[in-house]
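Only one structure is covered here, and it is reproduced in the block below.
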Amino acid sequence: MSEPALLGKVAVVTGGAAGIGYALAEGLARRGAAVLIADRDGAVAAAARLRAAGFSVEGIAADVSSEDDTAAMAEAAERLFGGIDILVNNAGIYATLTPRPFEALDVAEWRRVLDVNVIGTFLCCRAALAGFRRRGGGRIVNISSGVAFKGNPYMAHYVASKGAVVSLTRALATELGRHGVLVNSVAPGFTLSDGVMKNPVLVAGVKEPSLRNRVLARDMLPEDLVGAVCFFAGPDAGFITGQTLVVDGGAYF
Ligand code: NAI
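Numbered by the UniProt record's numbering, the letters in the sequence shown go through residues 1 to 253 in order.
Structure follows, in structure tokens:
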């Protein structure tokens, strides 16, 4: 039997305590990586759940929009696992948003979304850079969204933030290639994550139409994203950088 593709690698998954991030943490661990879950809430408990299932996983409380927390996150990866090879920037504000016409969005809400989804991604990449350099390279996988390409009504700030994540992916790929760091992005379609399932407006308004507009006619689950993220993180993607892969079951729009 061949050994797991990510054996010996260390992965940090932001927002990994729930939803898509938790599925990604489990998927990376299943492929042999040691995983640090960094989440504002529930990181330690989520890590304990995965350890109980036999995986090498630790957790740290960290808000990705905080410079101090993201620095502490990178230090923890060094201290606990000796470094960092894979950074998955998954933490983002989506499921707690209330859809609103763009003229009803206020500046504070715009700033909150950009702070976490865009600046948070930047801060985590910056915090991980020294560790990547020490190890001679690394992988960054950013979670953007299909809405970056298709648009979506009543979430202008969110759509703009995920477009920025796609562009940031390309920008960092051009800068970090010389350090052996490959930067790619996965753009999910509407996914029944923990957060989404707690938002009755999204469940009532988006679940059924997204199912109707999808070639592969079933609900999309967090597990559906594991293959694409692990591909970008793994040995088969060693000459791919700056790309975004849409994973949405073939959404028509
Ligand atoms: P979720 O709400 O189920 O889980 C998000 C996790 O991120 C939670 O554990 C939360 O505590 C954590 N988090 C939120 N803000 C944080 C911060 N500032 N610092 C650290 N951790 C933080 O969300 P879901 O649906 O799993 O989304 C994950 C990512 O996927 C987000 O970036 C979202 O924008 C993106 N996405 C989700 C889609 C969906 O339909 N669920 C579709 C496209 C993209």
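For glycine and all other residues, C-beta sits at the position ideal for the given N, C-alpha and C.
Let me check you understand the geometry: is the CB of residue i closer than 8 angstroms to at least one non-hydrogen atom of the ligand NAI?
i: Y154; result: no
i: P209; result: no
i: Y94; result: yes
i: P91; result: For the record, residue 91 in the displayed sequence is Ala; it is not Pro. For the ligand NAI, at least one heavy atom lies less than 8 angstroms from the Cβ of A91.
i: T244; result: no
i: N117; result: yes
i: K162; result: yes
i: R40; result: yes
i: S65; result: yes
i: L192; result: yes
i: residue 262; result: Outside the modelled stretch of the chain, which goes from 1 to 253, sits residue 262, for which no answer is possible.
i: A18; result: yes
i: P188; result: yes
i: I143; result: yes
i: P222; result: yes
i: V147; result: yes
i: Y158; result: yes
i: A62; result: yes
i: T169; result: no
i: V196; result: yes
i: G15; result: yes
What's the gap between the Cα of residue i and the Cα of residue j?
i: A127; j: T70; result: 6 angstroms
i: H157; j: Y94; result: 10 angstroms
i: G227; j: F190; result: 17 angstroms
i: M155; j: K198; result: 18 angstroms
i: R49; j: V13; result: 15 angstroms
i: A76; j: S210; result: 39 angstroms
i: P235; j: K9; result: 11 angstroms
i: R135; j: G82; result: 10 angstroms
i: F132; j: A43; result: 23 angstroms
i: I86; j: A233; result: 6 angstroms
i: A29; j: F55; result: 6 angstroms
i: S65; j: A91; result: 10 angstroms
i: L182; j: F122; result: 15 angstroms
i: E3; j: P153; result: 45 angstroms
i: S185; j: V166; result: 7 angstroms
i: L105; j: S193; result: 24 angstroms
i: E103; j: D41; result: 31 angstroms
i: A72; j: R218; result: 40 angstroms
i: F239; j: R170; result: 14 angstroms
i: R79; j: C230; result: 24 angstroms
i: L36; j: V57; result: 6 angstroms
Within the continuous alpha helix (DSSP H) that includes residue i, where are the two ends?
i: G131; result: 120-135
i: residue 259; result: Missing from the structure shown is residue 259; the chain here goes from 1 to 253 and no further.
i: S210; result: 200-212
i: S187; result: Ser is not the amino acid found at residue 187; the sequence shown has Ala there. Segment 181-188 is the beta strand (DSSP E) holding A187; no alpha helix (DSSP H) there.
i: V44; result: 43-52
i: T14; result: T14 -> not in any alpha helix (DSSP H); beta strand (DSSP E) instead, spanning 10-14.
For residue i, tell me which candidate among the options has the shortest Cα-Cα distance.
i: V88; options: E67, A187, F239, P200; result: A187
i: S144; options: V113, D41, R218, R134; result: V113
i: T241; options: R31, A38, A173; result: A173
i: K207; options: R134, F231, D248, D68; result: D248
i: T244; options: N213, D85, P4, G146; result: G146
i: A45; options: G54, G177, I60, G32; result: I60
i: A25; options: W110, E175, P222, G195; result: P222
i: L129; options: L225, G21, A34, R178; result: R178
i: A237; options: N213, G180, L192; result: G180
i: G15; options: P101, N142, A108; result: N142
i: D63; options: N117, A164, A148; result: N117
i: P99; options: D68, V196, G19, R51; result: V196
i: residue 308; options: C230, F231, D224, W110; result: Here the chain has residues from 1 to 253 only, and residue 308 is not among them.
i: R212; options: L176, F253, C230; result: F253
i: G19; options: M220, A108, K150, L80; result: M220
Terminal residues of the continuous beta strand (DSSP E) containing residue i?
i: L87; result: 86-89
i: R170; result: That residue, R170, is in no beta strand (DSSP E); its alpha helix (DSSP H) goes 156-176.
i: G59; result: 57-61
i: L245; result: 244-247
i: V141; result: 138-143
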